[in-house]
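**Q**
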Amino acid sequence: MGKIKLDEIDHQILDMLIDNTRIPFTDIAKKLLISAGTVHVRVKKMEESGIIRGSSLTLDYKKLGYSFIAYVGVYLNNTSQTQFVLERINEIPFVTVAHITTGKFNIFCKIRARNTEHAKEVIFKLDEIDGVYRTETMISLEESINDKKRLMHSIFNEM
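Heads up: the sequence shown begins at 45 in the working numbering, then just goes up one per residue.
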């Protein structure tokens, strides 16, 4: 699939949506001196092309009582078990990210938990999955950078 061409108006619309996914199309239209219908059509076209895939909600996990973050490397008995293990991992809601990786681990996960006791329970659930040989955990002391907006702005500025 080829690279999708975006014009300056598309870039400006995306810049505003990156900063605030809930900004009304009428506000975007006023700032860009175009109609809200034009904004709607362009956003719909970007959704249909797959550039925009929904919008997201950002939560303050600390305020919700889930400030504990750990990264868990998962070793498998056999790489042919990867899909099965990923399906089991997907059933554990506190595993928020999972990557198939090269190198030391077969799968690398990020977990969110209430505290160390809760994290231990989640890690034990990972260990209990058929096909998991063992896990290795790293505790995050602080999530210092978690900002996809900078990356998105950078990508769209290069287009």
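Note that CB positions come from ideal geometry on N, CA and C, so glycine has one too.
1) What residue range does the beta strand (DSSP E) around Thr179 cover?
2) Smallest Cα separation from Thr160: which of His143, Thr140, Leu185, Met60?
3) What are the partner residues of Tyr115, as DSSP defines its beta bridges?
4) From which residue to which residue does the alpha helix (DSSP H) around Ile210 run?
5) From the DSSP output, in three-state form, read off Thr140 for me.
6) Pull up the distance between the alpha-carbon of Asp82 and that of Leu195, whole angstroms please.
7) In the stretch 51 to 118, which residue ranges form an unbroken alpha helix (DSSP H) of at least 4 residues, counting only runs that do not cross its ends?
8) Where does Arg178 land, buried or exposed, given buried means 16+ other C-beta within 10 angstroms?
9) Taking the DSSP output, what are the residues bridged to Leu120?
10) Rounded to whole angstroms, what's the CA-CA distance from Asp104 to Ala142? Just pull it up for me.
11) Out of Phe152, Ile136, Ser99, Thr70, point me to the one whose CA is closest to Thr168's CA.
12) Taking 8 Å as the cut-off, decide whether the C-beta atoms of Asp63 and Lys154 are in contact.
13) Of the residues Arg158, Pro68, Tyr119, which one's Cα is nearest the Cα of Gly147?
**A** With the structure as the only source:
1) 176 to 183
2) Leu185
3) Lys154, Met182
4) With the chain represented from 45 up to 203, any question about residue 210 goes unanswered, as that position is not in the structure.
5) strand
6) Looking at the sequence provided, one finds Thr at residue 82 rather than Asp. The straight-line gap from Cα to Cα measures roughly 26 Å.
7) 52 to 63, 69 to 76, 80 to 92
8) exposed
9) Val176
10) 21 Å
11) The amino acid occupying residue 168 in the given sequence is Phe; Thr does not appear at that position. When each option's Cα is compared against that of Phe168, the closest is Ile136.
12) no
13) Tyr119
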